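*Asks:* Numbering (UniProt numbering), first residue to last: 1 to 233.
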């Protein structure tokens, strides 16, 4: 998650939601999929995370490790402005349901919502940007993740809040075809643990490489020192 940096803090979930709503009519804000699309390069990611204070949007954090996340995928192209605006509506629906009407507080079972955007050709499309004659045809993917504290809440949330969100999206937004949106899928902690193991392995290999590099430098310096002493003699 190192491509994310802390941007700002909101006094309440309701304040955050109002900021996201206002962003619809503000070109300079980067809180919605259609706005993030302007800043993405081929095969690169861009994201915004809205999490509780003190909880970073990463798998390793103890407050996230016992949970999982519901992921919804939206697929389009960078040049389809109207479709990207519909993606904005989907994101707003997700945030609105996460907050609810009880005092404007985020549901206690959730740690946050993560919006990821990416120009990604996937498995069945051209892997090089050179193969796209029109840059407006670049494949654009939006992933909306709802992160929960404890995976024991997964089934109940799936049959209530997640179901409600999906039904509202289908009722209010009519996509040209059913392939554009893939319903929420749950990713549990076992998959996250695999990711964490890979991260730890890569981190350990990097540390080991740095240690070995320092040893080599140390040996070279020691040899140079002996050589200098010999010349002095």
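All residues carry an ideal CB built from backbone N, CA and C; glycine is no exception. Keep in mind that this is a model prediction, so the values were computed, not measured.
Quick check on residue 202: buried or exposed, where buried means 16 or more other Cβ atoms within 10 Å of its Cβ?
*Replies:* Exposed, since its Cβ has fewer than 16 Cβ neighbours within 10 Å.
*Asks:* Is it the case that the Cβ atoms of residue 31 and residue 23 are separated by a distance below 9 Å?
*Replies:* In contact: residue 31 and residue 23 (Cβ atoms closer than 9 Å).
*Asks:* With DSSP as the reference, label residue 84 as helix, strand or coil.
*Replies:* Note: residue 84 maps to helix in three-state DSSP.
*Asks:* For residue 149, count neighbouring Cβ atoms within 10 angstroms of its own Cβ and tell me buried if that reaches 16, exposed if not.
*Replies:* With 16 or more Cβ atoms within 10 Å of its Cβ, residue 149 is classed as buried.
*Asks:* Take residue 168 and list the residues in its own chain whose beta-carbon comes closer than 6 Å to its own, dropping the five residues that flank it on each side.
*Replies:* Cβ within range, chain order: 93.
*Asks:* CB-CB under 8 Å to residue 111, same chain, minus the five flanking residues each way: which ones, in chain order?
*Replies:* Taken in chain order, the residues that qualify are 51, 52, 55, 63, 64, 67, 147, 148 and 149.
*Asks:* State the start and end residues of the unbroken alpha helix (DSSP H) segment that holds residue 151.
*Replies:* Premise fails: residue 151 is in no alpha helix (DSSP H) and is neither H nor E.
*Asks:* What residues match up with residue 181 in a beta bridge as DSSP calls it?
*Replies:* Residue 181 pairs with 74.
*Asks:* Pull up the DSSP beta-bridge partners for residue 50, would you.
*Replies:* BP columns for residue 50 point to 113.
*Asks:* Under 9 Å between the Cβ atoms of residue 144 and residue 99?
*Replies:* Cβ atoms of residue 144 and residue 99: not closer than 9 Å.
*Asks:* When the Cα of residue 154 is compared with those of 185, 138 and 173, which residue comes out closest?
*Replies:* Per the Cα distances, 185.
*Asks:* Can you have a look at residue 12 and say buried or exposed, based on whether 16 or more other CB atoms are within 10 angstroms of its CB?
*Replies:* Classification of residue 12: exposed, given that the 10 Å Cβ count is below 16.
*Asks:* Can you say whether residue 242 is buried or exposed, counting buried as having 16 or more other CB atoms within 10 angstroms of its CB?
*Replies:* With the chain covering only 1 through 233, there is no way to say anything about residue 242.
*Asks:* Leaving out five residues before and five after residue 10 in sequence, what residues of the same chain have Cβ atoms less than 6 Å from its Cβ?
*Replies:* For residue 10, where only same-chain residues beyond five positions count, the Cβ hits under 6 Å are 16.
*Asks:* Straight-line CA distance for residue 119 to residue 207?
*Replies:* So the two alpha carbons sit approximately 32 Å from each other.
*Asks:* Pick out whichever of 20, 46 and 76 has its Cα sitting closest to the Cα of residue 179.
*Replies:* Closest by alpha carbon: 76.
*Asks:* Does the Cβ of residue 7 have 16 or more other Cβ atoms within 10 Å, making it buried, or fewer, making it exposed?
*Replies:* Exposed, since its Cβ has fewer than 16 Cβ neighbours within 10 Å.
*Asks:* Only counting the same chain, and skipping five residues up and downstream in sequence, which positions put a Cβ closer than 6 Å to that of residue 90?
*Replies:* Correct list, in chain order: 169.
*Asks:* Answer yes or no: do residue 138 and residue 47 have a C-beta to C-beta separation smaller than 9 Å?
*Replies:* It is not a contact, given that the beta carbons lie outside the stated cut-off.
*Asks:* Grab the span of the alpha helix (DSSP H) containing residue 36 for me, first residue to last.
*Replies:* It spans 33-36 - the alpha helix (DSSP H) in which residue 36 sits, taken as one unbroken run.
*Asks:* If you drop the 5 nearest sequence neighbours on each side, which residues of the same chain put their C-beta closer than 6 Å to that of residue 281?
*Replies:* Since the first residue of the chain shown is 1 and the last is 233, residue 281 is not available in this structure.
*Asks:* Could you give the distance in angstroms between the alpha-carbon of residue 159 and the alpha-carbon of residue 35?
*Replies:* Roughly 32 Å between the two C-alpha positions.
*Asks:* What's the call for residue 57, buried or exposed, on a 16-neighbour Cβ count within 10 Å?
*Replies:* Buried: at least 16 other Cβ atoms inside 10 Å.
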